[in-house]
Amino acid sequence: MFRRTTLLCGALLLLLGFATAPANATTEVGSLSARYTTAAGSPVTNAGVSIFDMTQTLRGWGVTDVDGWIRITNVPVGDYKILFRSPSGRTQWATQKSDFATADPIAIQAGVETVHREISLPTGGIDLTVRDARTAEPTVGACLSTLSGPMPIRGCTNGAGRLVISQVTVGTYTLLVTPPQGYLTETLHDVVVSEDHTTALAVAATKAARLAFTMRDKATGTPVSGACVTLVEAGARGVVGTESICADDQGLVRFDGMRPGRHRAFVRATDSVHGSQWVGVHGGTGNIDRAKWIEAVAGQTAHTAVDLDRAGTISGTVTAARDGRPVHGLCPTVTPAGPSPSQPAGVTCTAADGRYTISGLGPYDWRPQFPDYTGAYAWTWSGGAAHRLDARAITVYSGRNRTVDVRLADAGTVTGRLIGATRPSESIVVRAFNDRTGDYAAPEGRILPGPEYVLTGLGSQKLVITYLASVAPDVACSGPVEVEAGGVAQLDLVVPTP
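FYI, in the working numbering the residues of the sequence shown are 96 to 593.
Quick look at the structure:
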């Protein structure tokens, strides 16, 4: 016999989920009784129970009584999925499933009381220790939370920098560690909790680094507002992204909450007076190889003064080497191109006449690149070079224009099979890099059924080709591969086994 409180919860379920039919309608109904217990058979009391129809619509809820039972009456005939939530916050779906998609449907039949018995999933524990990465002192108040996994986890470290959580549903988790202010958050992937076992986690809390830049006119020393700084990490292959921070009225740019590491800085002026630059050791430069490395150190602020020179311009015409026709829709860049098309700031892309303009450049030697993302033409650097080290330096002068006309050769192509690829073709990425500079040499490859790949847009050079099929770093699938502009090379890639 059920306690009255449980029947009241059942009445609430009826009101919330099942009292929706018109008064003159006749709906066949049944009932559901469910008991929630531990593996040892002890009742799980005050557990939340929610009923969902097959469209994932909540049809009602209630809580278990002292014996772990809940009874729901007047349930319309059909299939339902049941969610159990223990008082500690652990959740599971019938029968011992972790999500709606895998949950077992429970059939309600007319005039029948369906009985379901749910046993709570096995549990383990987590023992987290957080210490300062430099001093090894305990980090107090570092909080743990769930990004993904079978159940929500929340808690913060004590005075010893430790957090112990029991009754954690077994499974694989992604966890977020949020230390006190001034430290960087840490994401813990693939944390496995096993039955009757405590998983030990140790985190070294790293203090955030800061970088500060002061923008000033080189001639007068006055602050320059609006100039934007983009940081390029070591290993970013020189690609200048779109995320930048611009100077305030005092010419100050601050990057807070950074991870320790080395960066180059590209500065783009926005006032139509000053020119862009890579921040060099002795002033601005147009050559990424002469840009200085700026070290972001944990717990410290590194200051860099940037003197901005007056701007000049590069412009010209881009044509096809084969027939002299203008190339339309190409956006040149003075920084190494990435695998996807973009229009850099200050660049006017080629129109039907093939003309382009790169404005707002500092008075330095630049090596503009002309990447065609249609796959028709070879990526080309100034002077007709296939890579940056062979490019001709174009000296820009303040207040003046340099004319640079470029002829693009037909694109080279590399194609072949992906041997051993186990991922779906839509998640595979194949990339080509120049073997001397490490710069991107072409757009990302197209993946065809098979799977096969096609890389186009290649100039005459040696390449390293990589394969990517997850969040893991690129894996080199080949040694240097020689390709000729306008030619086709066949190369099957053997994908490394994870």
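Beta carbons: idealized from backbone N, C-alpha and C, even for Gly.
C-alpha gap between residue i and residue j, whole angstroms
i	j	result
Cys323	Val491	20 Å
Pro245	Val210	25 Å
Leu558	Glu290	49 Å
Thr273	Asp222	16 Å
Glu232	Leu271	20 Å
Ala116	Pro171	Reliability fails at Ala116, whose pLDDT of 42 lies under 50, so the model's placement of it is uncertain and no value is given.
Val259	Pro275	18 Å
Ile248	Lys313	54 Å
Gly470	Gly552	5 Å
Val327	Ser339	10 Å
Ala516	Gly574	18 Å
Val566	Trp164	In this prediction, Val566 has a pLDDT of 44, which is less than 50 and means its spatial position is unreliable; nothing more can be read from the coordinates.
Trp373	Leu239	40 Å
Asn169	Tyr175	14 Å
Glu213	Gln187	9 Å
Gln395	Thr475	41 Å
Proximity below 8 Å, CB of residue i to CB of residue j
i	j	result
Arg359	Ala386	yes
Gly370	Pro434	no
Gly136	Val144	no
Ala189	Ile177	yes
Pro596	Ser477	Only positions 96 to 593 of the chain appear in this structure, which leaves residue 596 out of reach.
Gln191	Leu153	no
Val576	Leu586	yes
Val46	Val362	A query on residue 46 cannot be resolved here, the shown segment of the chain reaching from 96 to 593 and no further.
Ala397	Ala299	no
Thr224	Val263	no
Arg354	Ala304	yes
Val265	Val286	no
Val509	Ala584	yes
Buried or exposed by the 16-neighbour rule on C-beta atoms within 10 Å, applied to residue i
i	result
His284	exposed
Thr325	buried
Arg495	exposed
Ala202	exposed
Gln556	buried
Asn253	exposed
Val589	exposed
Met310	buried
Pro538	buried
Gly206	exposed
Asp343	exposed
Cys341	exposed
Thr315	exposed
Arg526	buried
Gly352	exposed
Asn119	The predicted model places Asn119 with a pLDDT of 48, which falls under 50 and marks its position as unreliable; any figure quoted below should be read in that light. Exposed, since its Cβ has fewer than 16 Cβ neighbours within 10 Å.
Asp94	The question about residue 94 has no answer, for the chain in this structure spans 96 to 593.
Whole-number beta carbon distance between residue j and residue i, since they are thought to touch under 8 Å
i	j	result
Asp308	Thr399	The identity of residue 308 in the sequence shown is Phe, whereas the question assumes Asp. Confirmed, Cβ separation roughly 5 Å.
Gly220	Thr293	4 Å
Ile542	Tyr535	About 17 Å; that fails the 8 Å criterion.
Ile409	Ile489	6 Å
>> Which complete beta strand (DSSP E) runs does the segment 396-420 hold, if anything under 3 residues is left out?
In response: 396-403 and 407-415
> In the segment 158-228, which residue ranges form an unbroken beta strand (DSSP E) of at least 3 residues, counting only runs that do not cross its ends?
Replying inline: DSSP runs (the beta strand (DSSP E)) wholly in the segment 158-228: 164-171, 173-180, 186-188, 201-203, 208-214 and 218-227.
>> For a minimum of 3 consecutive residues, which ranges assigned as the beta strand (DSSP E) are wholly contained in the segment 482-519?
In response: 496-498, 501-503 and 507-514
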